[in-house]
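Below is one structure; the comments refer to it alone.
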Amino acid sequence: MQEQAREWVRREVFCSFMVEPMCRSHDDDGVQYIIPSSHKKKATEPALRVEQEIRRGFYQVHGVATRAPAKSSCPLSPFAFEDAKVVRAVNALPDDQRHWIKYAYCPEEVSGWEDESGAVVALWKEYEPQAGNVRSSTRKTLQGLAHLCIQDMKAQVNRGKGAHSPARIRELLGVPEANWRRDWSPRWRAMQEIVRRLDRDGLEQVATQLGPGEHVA
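Quick note on numbering: numbering that gives the first Met the number 0 labels position 207 of the sequence shown as 206, and the sequence is numbered without any gaps.
In structure tokens:
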């Protein structure tokens, strides 16, 4: 899958998860409706090992009226059904991919701490075997590095530039420059590669669910 196609999927995910109020009211009926862009499937997966699994329920259509809404209509976006298809594809992803895709590409009102922490857990789960038998203090620092890597990669895939410079990472983790070059920079690059793979696999899975012809191959 080419980068152009992945960029198309990123854009579709962001737009499809946007929840914008759609209101139509008149002075004489006082009717207002708010409709989210789509429904989300109900989660059935158990809690993750570190952070509780994101709670995902059904969004309902809510209405507020001072009188019968017989003369009022509530139009759907012309892209509502396409949006719903994208949302279903994202929500059907494996937990690790879903958390990363939602954290990286969904609007902030949709993606929260559950997805950010879930993405960190996903990265750590993949990286932990590479950590080997390290001291407890080093393991904690590595987990902090994983969190910074998730934040950095989100900025990188969206803006083309990471969120943290090496100097800032060293400062946040309390790692001397010599130790960074020798020990921590290779670990950072290994984590980045894991997130790139998570990103690539998740986007390609969404594209597959959308079917042929939905994106540029």
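Note that the Cβ used here is the ideal one computed from N, Cα and C, for glycine as well.
Excluding the 5 residues preceding and the 5 following residue i in the sequence, name in chain order all residues of the same chain whose CB lies nearer than 6 angstroms to its CB.
i: residue 150; result: 162
i: residue 14; result: none
i: residue 115; result: 102
i: residue 49; result: Any answer about residue 49 is weak, because its pLDDT of 40 lies below 50 and its placement is not dependable; what the coordinates show is given next. Around residue 49: 120.
i: residue 5; result: 202
i: residue 54; result: Residue placement at residue 54 is poorly supported in this model, since its pLDDT is 37, which falls under 50; the coordinates still yield a value, given next. Within the same chain, residue 54 has no close Cβ partners at all.
i: residue 109; result: 16
i: residue 9; result: 104
Looking at the secondary structure, which residues open and close the alpha helix (DSSP H) in which residue i lies?
i: residue 155; result: 135 to 158
i: residue 116; result: 112 to 130
i: residue 6; result: 2 to 15
i: residue 98; result: 94 to 104
i: residue 109; result: Note, residue 109: premise wrong, no alpha helix (DSSP H); not H, not E.
i: residue 82; result: 79 to 90
i: residue 165; result: 165 to 172
Just to confirm before moving on: does the CB-CB distance between residue i and residue j stay below 8 angstroms?
i: residue 0; j: residue 125; result: no
i: residue 94; j: residue 111; result: no
i: residue 12; j: residue 104; result: yes
i: residue 205; j: residue 130; result: no
i: residue 190; j: residue 92; result: no
i: residue 17; j: residue 128; result: no
i: residue 179; j: residue 167; result: no
i: residue 209; j: residue 85; result: yes
What did DSSP end up calling residue i once you bin it into helix, strand or coil?
i: residue 53; result: Note that residue 53 scores 34 on pLDDT, short of 50, meaning its location in the model is unreliable; the coordinates nonetheless yield the value given after this. In this structure, residue 53 counts as coil in the three-state DSSP scheme.
i: residue 26; result: With a pLDDT of only 41 at residue 26, under 50, the local geometry of the prediction cannot be trusted, and the value read off the model is given with reservation. It is coil, neither helix nor strand.
i: residue 208; result: helix
i: residue 184; result: helix
i: residue 193; result: helix
i: residue 59; result: Only weak support exists for where residue 59 lies, its pLDDT of 37 falling under 50; the value from the coordinates is given anyway. The answer is coil: DSSP assigns residue 59 none of H, G, I, E or B.
i: residue 162; result: coil
i: residue 32; result: Residue confidence is low: residue 32 scores 35 on pLDDT, short of 50, so the model does not pin down where it sits. Its coordinate-derived value is still stated next. Note: residue 32 maps to strand in three-state DSSP.
If I measure Cβ to Cβ from residue i and keep anything under 8 angstroms in the same chain, skipping five residues before and after, which residues do I get?
i: residue 148; result: 122, 187, 190, 191, 194
i: residue 134; result: none
i: residue 207; result: none
i: residue 160; result: 154
Which residues in the same chain have their Cβ closer than 7 angstroms to the Cβ of residue i, if we skip the five residues on either side of it in sequence?
i: residue 146; result: 119
So, does the CB of residue i fall closer than 8 angstroms to a CB anywhere in chain E?
i: residue 142; result: Absence of chain E from the displayed structure is noted, only one protein chain being present.
Are three or more beta carbon pairs between the segment 96 to 103 and the segment 152 to 161 nearer than 8 angstroms?
Yes, since at least three Cβ pairs between the segment 96 to 103 and the segment 152 to 161 fall closer than 8 angstroms, the two stretches touch.
With contact counted as at least three CB pairs below 8 angstroms, one residue from each stretch, are the segment 188 to 206 and the segment 172 to 180 in contact?
Touching, no, given that fewer than three Cβ pairs across the two stretches are closer than 8 angstroms.
I want to know whether the segment 182 to 196 touches the segment 130 to 147 - three or more CB-CB distances under 8 angstroms.
Enough Cβ pairs lie closer than 8 angstroms, so yes.
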